Structures are given as structure tokens and as C-alpha cells.
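Going from the sequence shown to the working numbering is simple: count from 1 and add 126. The block underneath contains the structure these notes are about, expressed in C-alpha cells.
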Amino acid sequence: MTDTLLWHDYETFGIDPARDRPVQFAAIRTDEDLNEIGEPIELFCKPPNDYLPQPDACLITGITPQRALERGLPETEFIARVNAEMAVPHTCSVGYNNLRFDDEVTRNALYRNFLDPYAREWQGGNSRWDIIDLLRAARALRPEGIEWPVNADGTPSLRL
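The structure is reproduced here in C-alpha cells:
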């Protein structure tokens, strides 16, 4: 089996990966030459009845609780489908700041739904890669050639 890259991102109803809930998952699978494999994946997750989304998160993502209720899957089905994509043997799950945020969202959702929160990361020859660290290295070692964004105070920023 050849290695594949699963480029993925979550939208959530807040910034705390332990407490806040995923509302959308999107992914594209490629080979190592970045040729797309299969169709892009887009899943929505219904918010639970006992959870209030952060209003700022709804404004940033443009996803309202009503839209998530209308288009979403129950979290159990949502995270099972996400896990199935990430657990395909020889998959490297790739994201931007995913080691510090997206992977924690995945782990917490898997744990809440009684699924192994770590198996997808290493079984079947799987791995993870956070490209924010690649950009940090590029900025530190060879900053010329890229127009790097800066914060209002002039300090460099790698925020999306």
C-alpha cells in the first residue's frame, strides 16, 4: 500500500479543544506527489442539546447552530467517519496547527464517544504532520522570498 496524506481541518464552536465541539470537518486525500485521491470530504456535526456555541466562533466560521443541526450528523457518527478516514493504513494526517488543536479536538471527540483516541495516529503505519512547524523553520532559516504577515505591533505572525 502506498502512503497517502490526509490534509484536514476542523471548524469548532469555540477555542478549547477539550470543552468546545467540532462543527465541521473537511479533508482532501493526496498521494505523496500531491495528486488528489478520491473526493474531498466535508462533514458537519450536530451540536449536543446541552452545549452553547461561542458566538464569536459562529461569526468567524459562518456556521450557525441551526445550520449544523440541519446538515450535521450526530457526534457519534461524525467522529466515527472522521476516525475511519484518519485510520486508513499508511495515512499521514496533515494540518496547520493540528498537533496543538485539531488532533486534540479529534482525541476528545473520540474519547467522549468511547473510541480509542490514539490508535489512528500510529496503527497501520500511520503518522501525523503539522505544517506550521515547517513554516516556522522556513521563516527562521530562509525568510527571504516570502512576504510574512505581521501583527499590529510589527511582530511576525503565522496565524491563518
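Note that beta-carbon positions come from the ideal geometry of N, C-alpha and C, so glycine has one too. Since the structure is predicted, the reported quantities are computational estimates derived from the model, not experimental observations.
Check your understanding: Is the stretch 257-269 close to the stretch 235-243, with three or more CB pairs under 8 Å?
Key -> no
_Classify tyrosine 177: buried if its beta carbon has 16 or more other beta carbons within 10 angstroms, exposed otherwise._
exposed
Suppose only complete runs of 4+ residues qualify. What are the alpha helix (DSSP H) ranges in the stretch 205-231, listed by chain order?
none
Please indicate yes or no: does the CB of arginine 145 lie closer than 6 Å to some heavy atom of the ligand ZN?
Of the ligands one can find in the structure shown there are none, so the ligand ZN has no counterpart to examine.
Please give me, in chain order, every unbroken run of the alpha helix (DSSP H) with length at least 4 that falls completely inside the stretch 235-271. Listed in chain order, the complete alpha helix (DSSP H) runs (minimum 4 residues) inside the stretch 235-271 are 245-248 and 257-267.
Between the stretch 216-230 and the stretch 129-136, do three or more beta carbon pairs fall short of 8 Å? yes
Candidates Glu137, Glu168, Thr281 and Phe204, of which the one nearest aspartate 146 by Cα: Glu137
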